[in-house]
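To start, the structure itself, in structure tokens.
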Amino acid sequence: TLDDLDQRVKEAGLEITFRQSFFSDPAASVHNLKRQDARIIVGLFYETEARKVFCEVYKEKLYGKKYVWFLIGWYADNWFRIKDPAINCTEEEMAEAVEGHITTEIVMLNPENTRSISNMTSQEFVEKLQTRLGKNPEETGGFLEAPLAYDAIWALALALNKTSAELVKKGLDLVDFNYNNRSSITEEIYRALNSSAFEGVSGHVVFDASGSRMAWTLIEQLQGGVYKKIGYYDLTKDNLSWYNNDKWIGGSPPADYTMVITTFRFLSQKLFISVSVLASLGILLAIICLAFNIYNGHVRYIQNSQPYLNNMTAVGCTLALAAVFPLGLDGYHIGPGLFPFVCQARLWLLGLGFSLAYSSMFTKIWWVHTIFTKKEDKKEKRKTLEPWKLYATVGLLVGLDVVTLIVWQIVDPLHRTIEEFTKEEPKTDTDVSILPQLEHCSSTKMNTWLGIFYGFKGLLLLLGIFLAYETKSVSTEKINDHRAVGMAIYNVAVLCLITAPVTMILSSQQDAAFAFASLAVVFSSYITLVVLFVPKMRRLITRGEWQSEQQDTMKTGSSTNNNEEEKSRLLEKENRELEKIIAEKEERVSELRQQLQDRQQLRSRRRSSNPSREADNHFSSGGGLSAAPQGPQPSFYQPNLPLVRCLVSEQADKLGRGNCDGSRVHLLYK
Numbered sequence: 001t002l003d004d005l006d007q008r009v010k011e012a013g014l015e016i017t018f019r020q021s022f023f024s025d026p027a028a029s030v031h032n033l034k035r036q037d038a039r040i041i042v043g044l045f046y047e048t049e050a051r052k053v054f055c056e057v058y059k060e061k062l063y064g065k066k067y068v069w070f071l072i073g074w075y076a077d078n079w080f081r082i083k084d085p086a087i088n089c090t091e092e093e094m095a096e097a098v099e100g101h102i103t104t105e106i107v108m109l110n111p112e113n114t115r116s117i118s119n120m121t122s123q124e125f126v127e128k129l130q131t132r133l134g135k136n137p138e139e140t141g142g143f144l145e146a147p148l149a150y151d152a153i154w155a156l157a158l159a160l161n162k163t164s165a166e167l168v169k170k171g172l173d174l175v176d177f178n179y180n181n182r183s184s185i186t187e188e189i190y191r192a193l194n195s196s197a198f199e200g201v202s203g204h205v206v207f208d209a210s211g212s213r214m215a216w217t218l219i220e221q222l223q224g225g226v227y228k229k230i231g232y233y234d235l236t237k238d239n240l241s242w243y244n245n246d247k248w249i250g251g252s253p254p255a256d257y258t259m260v261i262t263t264f265r266f267l268s269q270k271l272f273i274s275v276s277v278l279a280s281l282g283i284l285l286a287i288i289c290l291a292f293n294i295y296n297g298h299v300r301y302i303q304n305s306q307p308y309l310n311n312m313t314a315v316g317c318t319l320a321l322a323a324v325f326p327l328g329l330d331g332y333h334i335g336p337g338l339f340p341f342v343c344q345a346r347l348w349l350l351g352l353g354f355s356l357a358y359s360s361m362f363t364k365i366w367w368v369h370t371i372f373t374k375k376e377d378k379k380e381k382r383k384t385l386e387p388w389k390l391y392a393t394v395g396l397l398v399g400l401d402v403v404t405l406i407v408w409q410i411v412d413p414l415h416r417t418i419e420e421f422t423k424e425e426p427k428t429d430t431d432v433s434i435l436p437q438l439e440h441c442s443s444t445k446m447n448t449w450l451g452i453f454y455g456f457k458g459l460l461l462l463l464g465i466f467l468a469y470e471t472k473s474v475s476t477e478k479i480n481d482h483r484a485v486g487m488a489i490y491n492v493a494v495l496c497l498i499t500a501p502v503t504m505i506l507s508s509q510q511d512a513a514f515a516f517a518s519l520a521v522v523f524s525s526y527i528t529l530v531v532l533f534v535p536k537m538r539r540l541i542t543r544g545e546w547q548s549e550q551q552d553t554m555k556t557g558s559s560t561n562n563n564e565e566e567k568s569r570l571l572e573k574e575n576r577e578l579e580k581i582i583a584e585k586e587e588r589v590s591e592l593r594q595q596l597q598d599r600q601q602l603r604s605r606r607r608s609s610n611p612s613r614e615a616d617n618h619f620s621s622g623g624g625l626s627a628a629p630q631g632p633q634p635s636f637y638q639p640n641l642p643l644v645r646c647l648v649s650e651q652a653d654k655l656g657r658g659n660c661d662g663s664r665v666h667l668l669y670k
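According to UniProt numbering, the sequence shown is numbered sequentially starting from 1.
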């Protein structure tokens, strides 16, 4: 029966999605039906197994307005109410599970009161049968099938009668049938049966090519625990008689499958508008800062902050803030065809903006660190670093990013990808399932490209933090805002190092990912612009230095910061001069000591040759000079004083008189 059903539904353009079979326990099979979202289910089993199945159906909740069951129609009318020790469901639970199911069975008694070939109507046949039985017919086995059996005997009698007439033409008779010559007689009997057509008590009797009875089909539905006839189907005429009294739990027949509706998750428009307003104000602030820096480029204080690098920072912040707008564009605003262009706009604006803004700040802090970590003899050379070297450094860093972006766009361009989530069941419609989807900008080797970018930028951020920390106490007039640059680098690095991994984790949550990424761009840009430009604006506005610069160019140097720098410069110069003087004096001391040693040796030889002159010139026991040596003496020579102290007496005004021995001179230099 199942194979025949499979073939017929295929011919009708229908589909049997899957089959489930069981031997004794249907629990696993019913669970699989539930898991596979089966809706229209045909059950082929006997009455005892039907009770087991529907007990499990009740447990799995595989009944109600979403489901319809088709069962065999020749069960007893109260089959689900019979107590069965093989199941553990109550009669009420079974009645709830089987409610609304449909049965189909062959019509065993002609519903029309017409006379059959036996000259009896179907009702007369039943009355005669009940009279013959003499008891309650429902208690007699085969009572319901009796009209079929009666018409089957008639069909056989008519076929044999027709076969006999055909055999006479061939000189044969039915009595000649045996198993040796059965083929010809059997073919005649089969041909006669196949061509039989008459009205019986069960209805119109006719057989198909395979020998199956082509009878009417009775369609019933269990309504309120009672089977109701809802229609007939005449296979011979392909005619369906429908009474329109079918009832459905949900008010209408269930769908044969769960309709999947695809919906896209779009970015919250309130969030997008709010962040866009902040980004627009940030772009306006960056333009104001850029205009201020260009207009006051002649002011010495602005010139000492490397204004061209600050201009690059303002332009980079503008590009980064502009990237917020394509970051918030999705299928709500644009179609799939424009999505790849939006992806490229995100990448280029954010990449170039970050590269320009951060590279210019990084170059400043790198230059300051390079100057004040070099040896003393190379500082002067480094202080005269040409501006083109600064611009070349920025160009190198930006050029690396541009080359990487070009290669990425050519080799593995960004395109639109769809991420699917778990299906959601709406509360209002049980036959509809919602499949959420989210649009992403991605490429085939997305993780590789992100690894390259994040690795390079991460190293720059960490190095920038280190350089900013190392130069926090440095003071220089060439880049007078390097402390502000260091503070900006701190904030940008912290925001970027936190935001990058968080956005990757939250990529499936469009609102959270956009909020983290866009707000990080907005805040880092705001902080950079405020820290770098607002103090300059405040200084020039409060002190009016853009006006007094043309009248008195020396006024800027009178500030506290410039005074400190001037003092530091003078002290370093004096220190170097003292170092040279001390080196010269130490060399002179070495020469004089050598002369004294030579003179002592000469006197020793004279004393050994002329002892009488020993009293004229001798040394005291403490190693000092008791009398002035013979011959011309240096102008700074003083008797009875340690020699080292006398040698540096020319610098007594600078180092302090009477306190110029070698150890103290060395300590003062340090």
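Idealized CB from N, CA, C, for every residue including glycine.
These numbers come from a predicted model, not from an experiment.
Less than 8 Å between C-beta atoms, sequence neighbours within five positions excluded: which residues of the same chain meet that for residue i?
i	result
D598	none
D6	I16
S164	D173 and L174
L356	M312, T313, V315, G316, L319, V394 and V398
S518	V275, A279, V324, L327 and G328
A286	A314, V315, C317, T318, L321, S525 and L529
What are the residues that DSSP puts in a beta bridge with residue i?
i	result
E420	Q437
T262	L435
D234	W216 and N239
T103	L71 and E220
A197	V206
H415	S442
Y454	In the DSSP output, where bridge partners are listed per residue, Y454 has none listed.
V42	F70
V226	Q223
Just how far apart, CA to CA, sit residue i and residue j?
i	j	result
E199	M214	12 Å
K59	P254	20 Å
M487	E574	33 Å
L461	I273	30 Å
F54	N32	14 Å
T114	M108	15 Å
A320	V402	15 Å
S568	S524	34 Å
N110	S29	38 Å
V474	I465	15 Å
I288	W367	27 Å
G297	P340	41 Å
G351	S359	12 Å
K162	A192	6 Å
Y46	Y75	8 Å
L158	L2	32 Å
D330	Q409	20 Å
R603	R576	41 Å
I219	Y227	10 Å
S183	G224	54 Å
A493	T542	32 Å
T422	G251	29 Å
Using a Cβ-Cβ cutoff of less than 6 Å, which residues in the same chain neighbour residue i once the five nearest sequence positions on both sides are dropped?
i	result
K445	D412
I106	A215
D84	R51
residue 681	Outside the shown range of the chain, which is 1 to 670, sits residue 681, and nothing can be said about it.
Who are the near neighbours of residue i in its chain, counting only those whose CB is closer than 7 Å to its CB and skipping five residues on each side?
i	result
M361	T313, V485, A488 and I489
Q20	S29, N32 and L33
T499	F516, A517 and A520
G171	none
With a threshold of 6 Å (Cβ to nearest heavy atom), would residue i be considered close to the ligand COA?
i	result
T393	Within the structure as shown, the ligand COA is missing, as the structure has no ligands at all.
- Item | Segment contact flag, the segment 99-117 with the segment 67-81, C-beta cutoff 8 Å, min 3 pairs | yes
Does the count of Cβ pairs from the segment 339-347 and the segment 385-394 closer than 8 Å reach three? no
Next on the checklist: If we require 4 or more residues per run, which alpha helix (DSSP H) segments fall completely within the segment 339-372?
Outcome noted: 339-371
Quiz item: Is the segment 331-343 touching the segment 300-307, taking contact as three or more C-beta pairs under 8 Å?
Solution: no
Checklist entry - Within the chosen definition, does the segment 112-132 reach the segment 240-254 through at least 3 CB pairs nearer than 8 Å? => result no
Between the segment 276-291 and the segment 447-455, are three or more C-beta pairs nearer than 8 Å? no
| task | Mind the definition here: the segment 243-253 touches the segment 225-234 only if three or more C-beta pairs lie below 8 Å; say whether that holds. | result | yes
Subject >> the segment 140-154 touching the segment 192-212, judged by at least three CB pairs closer than 8 Å >> reply: yes
### Query
In chain order, which continuous runs of the alpha helix (DSSP H) of length 4 or greater are located wholly inside the segment 299-329?
300-303, 307-322 and 324-327
Practice item. Identify every run of the beta strand (DSSP E) within the segment 97-179, keeping only runs that are complete inside it and at least 3 residues long; order them along the chain. Key: 102-106
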